[in-house]
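Visitor: I'd like to ask some things about the structure below.
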Amino acid sequence: MNTLKLVSKNLLRRKGRFIFTLLGITIGMAAFVALLSLSGSMQSEIRKQAAMLGANLIITPKNWCAYDQISILTGESLPESLQYEVLEKVASVDGVTAIPYLTQKTAIQNSPVLVTGMHPQETLEFKEWEIAEGSFFSAQDERAVVLGSSIANSFNLQVGDTLTIRGAQFPVIAILQATGGNDDIAVYLPLAVVQEIYEVGNYISFIAAKVDDLAQMESYEAAILDVANVAVTSDKQLLSTVLSMLGTVNMTLQLIAGVALIAAAFGIINTMMAAIYERRREIGILRAIGAKRGSIFRIFLLESGVYGLLGGLLGVVLGFVTSLIAAPLISGGDMSVLLKGATPQASLDATIVLTAIAFSLVISVAAGMYPAWKAAKLTPVEAISYE
Amino acid sequence: MNRAIIKTENLEKIYGKSAVKTHALKGVDMEIPAGSLSCIIGTSGHGKSTLLHMIGGLDKPTSGSVLIDGVAISELTDSQLSELRAQKIGFVFQFFNLLQNLTALENIQAAMLFGSVPQAQQRAKALELLELVGLSDKADAKPTELSGGQQQRVSIARALANDPEILLMDEPTGNLDSESEEEVLSQIFKIHKAGKTIVIVTHNRELAEKAEMIFEIQDGKIKT
Ligand SMILES: Nc1ncnc2c1ncn2[C@@H]1O[C@H](COP(=O)(O)OP(=O)(O)OP(=O)(O)O)[C@@H](O)[C@H]1O
Ligand SMILES: [Mg+2]
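Protein sequences appear in the order of chains A and B.
The numbering used here applies: residue 288 is where the first sequence begins, and numbers increase by one.
The numbering used here applies: residue 1037 is where the second sequence begins, and numbers increase by one.
Structure representation (structure tokens):
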């Protein structure tokens, strides 16, 4: 006989109660782990997209908020908002290479798809795209489309097929090699063609720019602000803005998971208090046969600790499975695009597992303190003469 | 007479804090020699269990003292007192002696957890004790699967788990039929022969007659 054996026998005597109490902490932990794992994969996805952008500076209208900036990373369409001449002004700054983006929406087989208007040759070089099939645009105003690889795959489109955008027909002339980023989920046309079919005049959505000397970033920014009335954001600022917004969302979600965990902790307290009430006489017997206060305290604390350990382990598994299932299901939100490419496997690392289990243990041991103390406080006779 | 292994000096116990006070013990002086079989008898509600609890270190007296082997147990810390209960004293209650979710064997082993029997020897020693009380075949039975007499015999075996010098029993046959009572009594005599000091609260005539010392408690005092 050892203490652990005694503890396990005690826990399993009321199997229903054991299971329900365990479920409480398991679900709380699962929510917590799912959130950590999802937000971990969202963050890594955002970083990946930011790296994919291939730009050092993003030039947008002054009135854009951080929310609009997320869309640059997520590949959502953005309003036409800059005059084309702004591009010429920005490009005129020494050491700056600038390309325009005009992003609009269309539908293929009733699914929304991003249409991007750009300068074919410059963008090809800027992005260092590879052509998987067909041949790229040969003129600045060629009425044809080039597809990102995911678009070609999901809609089963090939070079030679025809795409209808805003009632006009366009032949597919090329398919890009997969980049792993949002470039894969867009349809590309020359800027002038998009401007014409969407009737947006001589406007573009935003400008992406590269600089020759990364060390001089600030002076480039100043130079651009000198020539044009725009907002300039570096890719790093953009990344940190988006990450901090995501952080706020995560905080809220973690707060909810925290509440679930606190409820679970009270579940443990409740179960342990009930156990002490029922087992009062047994505590008396244990004391009579020589158990010290410390031993009684330890037995009860271990019982709640087991809830923590098992709940933590099961919670990690359940939470991970949930995040695997949930990631593709969460749709419609602005973060959803980030999740589509995300792989929760990657973010369920040892740190999350260990943090979660340690956290669960700490919570349940803390919850077990008071009941264990109550149990240890009983004198042998108090415990035995209890009716 | 052997040395007094148990001694009480002007032992008093008052239950309750304010309005309802019960003066359960009103100055008990007794000496119990080592290796003796003693009985505490008396009418219900006159303080027999209270006295036995005090001797066993399960409760603290209001005043006066209990000396076990010359040591005043009121001077001991809770942890030292627990140690004393684990090593020196075996206790058998009137009812509800066993841990319900453990088997007979495990109940005995549980007592060893707090004593000094090395874990490797616990099982063999516990089986030996079960044999002593004639219950080898019930090692894996839960208390609910045992008769009242069998449960009390397991309790006696458990009280002996750490080989204590003193065995205290509160009406061990109080709620048993005569056949079970016989079983239990024969175990008690056997243990007494082995040299333990035994103090029993009892109403049983036969047992009282065999005792070397009889203490009759009346209204919280020893009747002389
Ligand atoms: N925990 C307690 N709190 C308050 N009063 C108690 C407590 N235990 C016993 N008493 C009171 O102390 C007195 C002595 O009780 P005790 O249990 O010692 O009697 P007893 O001689 O063992 O009786 P019985 O033969 O019925 O077991 C009784 O009046 C009882 O009501
Ligand atoms: Mg009594």
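We put the beta carbon where it would ideally sit given N, CA and C, even for glycine.
Values in this document were obtained by computation on a predicted structure and should not be read as measured data.
Can you list, in chain order, the residues of its chain whose CB lies under 7 Å from that of Gln1158 (chain B), leaving out five sequence neighbours each side?
Guide: Translated into the one-based positions of the second sequence, residue 1158 (chain B) becomes position 122. So the list reads Gln1145 and Met1148, once near-sequence residues are dropped.
Visitor: According to DSSP, which residues form a beta bridge with Pro366 (chain A)?
Guide: By one-based count along the first sequence, residue 366 (chain A) stands at place 79. For Pro366 (chain A), which the question treats as bridged, DSSP gives no partner whatsoever.
Visitor: Can you list, in chain order, the residues of its chain whose CB lies under 7 Å from that of Ser422 (chain A), leaving out five sequence neighbours each side?
Guide: Taking the first residue of the first sequence as 1, we reach residue 422 (chain A) at position 135. Only Ile460 and Ala461 meet the Cβ criterion.
Visitor: Taking DSSP's pairing of strands, which residues face Met1066 (chain B) in a bridge?
Guide: Taking the second sequence and counting its residues from 1, the one referred to as residue 1066 (chain B) is at position 30. Per DSSP, B:Thr1044.
Visitor: If you measure between the beta carbons of Thr1238 (chain B) and Cys1075 (chain B), is that distance less than 8 Å?
Guide: Your numbering for residue 1238 (chain B) matches position 202 in the second sequence. Your numbering for residue 1075 (chain B) matches position 39 in the second sequence. Cβ distance < 8 Å, so Thr1238 (chain B) and Cys1075 (chain B) count as in contact.
Visitor: Can you give me, in chain order, the residues of the segment 292-304 of chain A that have a beta carbon less than 7 Å from any beta carbon in chain B?
Guide: Leu293, Lys296, Asn297 and Arg300
Visitor: Find the nearest neighbour of Phe1132 (chain B) within the set A:Ser651, A:Ala643 and A:Ala575, judged by alpha-carbon distance.
Guide: The count along the second sequence starts at 1 and reaches residue 1132 (chain B) at position 96. Nearest of A:Ser651, A:Ala643 and A:Ala575 to Phe1132 (chain B), Cα basis: A:Ala575.
Visitor: If you compare alpha carbons, which of A:Ser358, A:Met559 and A:Glu409 is closest to Lys392 (chain A)?
Guide: For this step, residue 392 (chain A) is matched to residue 105 along the first sequence. Cα-wise, what sits closest to Lys392 (chain A) is A:Ser358.
Visitor: Where are the alpha helix (DSSP H) runs, 4 residues long or more, that stay fully inside the segment 1143-1205 of chain B, in chain order?
Guide: Fully enclosed alpha helix (DSSP H) runs of 4 or longer: 1155-1168 and 1184-1195.
Visitor: Check this for me: beta carbons of Gly387 (chain A) and Leu374 (chain A), under 8 Å apart or not?
Guide: As a working mapping, residue 387 (chain A) is identified with position 100 in the first sequence. As a working mapping, residue 374 (chain A) is identified with position 87 in the first sequence. The sequence shown places Pro at residue 387 (chain A), not Gly. Yes, these two residues count as a Cβ contact at 8 Å.
Visitor: Find the residues of chain B that neighbour Asn289 (chain A), judging by a C-beta separation of less than 8 Å, and give them in chain order.
Guide: In the first sequence, counting from the first residue as 1, residue 289 (chain A) sits at position 2. Within 8 Å Cβ-Cβ: Leu1149 and Gln1155.
Visitor: Check this for me: beta carbons of Ala643 (chain A) and Val432 (chain A), under 8 Å apart or not?
Guide: Working through the first sequence from its first residue, we reach residue 643 (chain A) at position 356. Working through the first sequence from its first residue, we reach residue 432 (chain A) at position 145. The beta carbons of Ala643 (chain A) and Val432 (chain A) sit no closer together than 8 Å.
Visitor: Can at least three beta-carbon pairs, one atom from the segment 548-556 of chain A and one from the segment 514-529 of chain A, be found at a separation below 8 Å?
Guide: Contact fails between the segment 548-556 of chain A and the segment 514-529 of chain A, because fewer than three Cβ pairs, one in each stretch, are under 8 Å apart.
Visitor: Are the segment 1043-1053 of chain B and the segment 1099-1109 of chain B in contact at 8 Å, needing three or more beta carbon pairs?
Guide: yes
Visitor: Are the beta-carbon atoms belonging to Thr1139 (chain B) and Ala1175 (chain B) less than 8 Å from one another?
Guide: Here residue 1139 (chain B) corresponds to residue number 103 of the second sequence, with the count starting at 1. Here residue 1175 (chain B) corresponds to residue number 139 of the second sequence, with the count starting at 1. Closer than 8 Å, so yes.
Visitor: Which of helix, strand or coil does DSSP assign to Met339 (chain A)?
Guide: As a position in the first sequence, residue 339 (chain A) is number 52, starting the count at 1. Note: Met339 (chain A) maps to helix in three-state DSSP.
Visitor: Label Lys1049 (chain B) either buried or exposed according to how many other C-beta atoms from any shown protein chain fall within 10 Å of its C-beta, with 16 as the threshold for buried.
Guide: Here the question's residue 1049 (chain B) lines up with position 13 in the second sequence. Classification of Lys1049 (chain B): buried, given that the 10 Å Cβ count is 16 or more.
Visitor: Quick one: is Ile1250 (chain B) buried, meaning 16 or more other Cβ sit within 10 Å of its Cβ, or exposed?
Guide: Taking the first residue of the second sequence as 1, we reach residue 1250 (chain B) at position 214. By the neighbour-count rule (16 or more Cβ atoms within 10 Å), Ile1250 (chain B) is not buried but exposed.
Visitor: State yes or no: is the beta carbon of Arg1189 (chain B) nearer than 8 Å to at least one beta carbon in chain A?
Guide: On the second sequence, position 153 is the one that residue 1189 (chain B) refers to. Arg1189 (chain B) does not count as touching chain A.
Visitor: Among A:Ile491, A:Leu600 and A:Glu486, whose alpha-carbon lies nearest the alpha-carbon of Gln370 (chain A)?
Guide: Looking up residue 370 (chain A) in the first sequence gives position 83. The shortest C-alpha separation from Gln370 (chain A) is found at A:Ile491.
Visitor: At 7 Å on the CB atoms, spell out the chain A contacts of His1089 (chain B), in chain order.
Guide: Within the second sequence, numbered from 1, the residue matching residue 1089 (chain B) stands at position 53. Within chain A, the residues near His1089 (chain B) are Val668.
Visitor: In whole angstroms, what is the alpha-carbon distance linking Ile333 (chain A) and Val480 (chain A)?
Guide: Position 46 of the first sequence holds residue 333 (chain A). Position 193 of the first sequence holds residue 480 (chain A). One C-alpha to the other measures close to 30 Å.
Visitor: What residue range is occupied by the uninterrupted alpha helix (DSSP H) comprising Tyr371 (chain A)?
Guide: Your numbering for residue 371 (chain A) matches position 84 in the first sequence. Unbroken alpha helix (DSSP H) run through Tyr371 (chain A): Tyr371 to Ala378.
Visitor: So, using beta-carbon positions, are Thr361 (chain A) and Ala473 (chain A) closer together than 8 Å?
Guide: The count along the first sequence starts at 1 and reaches residue 361 (chain A) at position 74. The count along the first sequence starts at 1 and reaches residue 473 (chain A) at position 186. In terms of Cβ geometry, Thr361 (chain A) and Ala473 (chain A) do not form a close pair [threshold 8 Å].
Visitor: Please say whether Phe1127 (chain B) and Ala1195 (chain B) have beta carbons closer to each other than 8 Å?
Guide: Within the second sequence, residue 1195 (chain B) is the residue found at index 159, counting from 1. Within the second sequence, residue 1127 (chain B) is the residue found at index 91, counting from 1. Their beta carbons are under 8 Å apart, which means Ala1195 (chain B) touches Phe1127 (chain B) by this criterion.
Visitor: Using CA coordinates, which residue listed in A:Lys302, A:Gln482 and A:Leu325 is at the minimum distance from Ile612 (chain A)?
Guide: Position 325 of the first sequence, counted from the first residue, corresponds to residue 612 (chain A). Per the Cα distances, A:Leu325.
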